[in-house]
Amino acid sequence: MTAVSAAPALTFNQKDNLQKAWIGQNFEGKVRFPTHWLPSSQGLVAACLSGMGWCLNPALLVDPLIAGGLVELLPGRFYDVPLYWQAGRPASRAIDSVSAQVVQAARRELVGVGAESAHS
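The sequence shown runs 5 to 124 under the numbering used here.
Rendered as structure tokens:
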């Protein structure tokens with residue numbers, strides 16, 4: 005736990021609680037850790053590759069990079085989060101076919117998720 009509390013995390017923004025939730029799932033006690041704010045999905049991956057810190061990333065995005073420099077901190081310990089596809093009511097009819105394709109691709113590609121569509 006000492007290493008986790010000393011290793012800088014990379015956090016997308018103030019609403020991003022993924023790293024904190026993952027630590028809570030895998031370590032006992034309250035763990036405080038330093039973080040760098042980096043509001044870019046690709047930037048987070050690049051920063052991890054450069055050794056700037058650690059963070060959670062979508063498996064589809066980083067699996068190909070595991071052999072090329074990224075390291076799983078706790079191999080096999082995943083943190084699943086629900087994903088939602090949202091479309092505003094006025095636009096929903098216009099993008100119904102896009103919505104259907106996104107949901108179909110999510111069901112096919114995402115591991116352990118029943119990808120659901122939410123229209124608001």
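Even glycine gets a Cβ: it sits at the ideal position worked out from N, Cα and C.
Values in this document were obtained by computation on a predicted structure and should not be read as measured data.
Leu22 sits in a helix when the DSSP states are folded into three classes. DSSP places Leu78 in no beta strand (DSSP E); its state is neither H nor E.
Secondary structure of Ala11 (DSSP, three-state): coil. By a beta-carbon distance limit of 8 Å, Leu14 does not contact Leu53. Their separation comes to about 11 Å. By a beta-carbon distance limit of 8 Å, Leu60 contacts Gln23. Their separation comes to about 6 Å.
Bridge partners of Thr39 according to DSSP: Ala13.
Remark: C-beta atoms of Phe37 and Ala63 do not approach each other more closely than 8 Å. Taking a 10 Å sphere around the C-beta of Val49, we find 16 or more other C-beta atoms and assign the residue as buried.
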